[in-house]
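One structure is given below, encoded as structure tokens.
Residue numbers (this note's numbering): -6 to 148.
Structure representation (structure tokens):
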């Protein structure tokens, strides 16, 4: 009787694991939000967005223009996304080095699969450029150039 309960519980656990389609890292566990935010270098992205906000507001002040808060927020988020994408591709390219020098990083530690890192990199850049497209053409060009420069820097 005990044996059949254990085998039923075991098959239930196996079935539940197979139904969970979340990508898993080398560690075997699905990445946490904390891992993804660490991979994204979220605080650096926030700093980049803040720098854009300062430039945006100073330029508006200097040119005696009203501050379009919606465009300001879009520019900040687009910058944060593309900046985070740049950090991700750098972590992907430097994974072997990071396994030695920064083994605590989520990608180097195997907490996030490389395939998920590539997906996040692409998604961040596409969404960042699309968001810039809703502001104006110069914003799109700037965001796309920054994304390209960060990719070229990493490879």
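Don't be surprised by glycine CBs; every beta carbon is placed ideally from N, CA and C.
Mapping the DSSP letters down to three states, classify residue i as helix, strand or coil.
i: residue 118; result: helix
i: residue 166; result: In the structure as shown, the chain starts at -6 and stops at 148, and residue 166 therefore has no counterpart that could be examined.
i: residue 105; result: coil
Within 10 angstroms of its Cβ, does residue i collect 16 or more other Cβ (buried), or is it exposed?
i: residue 38; result: buried
i: residue 146; result: exposed
i: residue 56; result: exposed
i: residue 149; result: What is shown of the chain runs -6 to 148, which leaves residue 149 out entirely.
i: residue 129; result: exposed
i: residue 48; result: exposed
i: residue 109; result: buried
i: residue 15; result: Residue confidence for residue 15 is low, a pLDDT of 46 falling below 50, so the modelled location carries little weight and cannot support an answer.
i: residue 118; result: buried
Report the rounded CA-to-CA distance for residue i versus residue j, giving the unit in angstroms.
i: residue 86; j: residue 78; result: 12 Å
Does the ligand NAD have a heavy atom nearer than 6 Å to the CB of residue i?
i: residue 68; result: Inclusion of the ligand NAD in the displayed structure is not the case, the ligand content being empty and no account of it being possible.
Quick one: any contact between the region 66 to 76 and the region 124 to 142, if contact means 3 or more CB pairs under 8 Å? yes
Is the region 24 to 37 in contact with the region 88 to 99, if contact means three or more CB pairs nearer than 8 Å? yes
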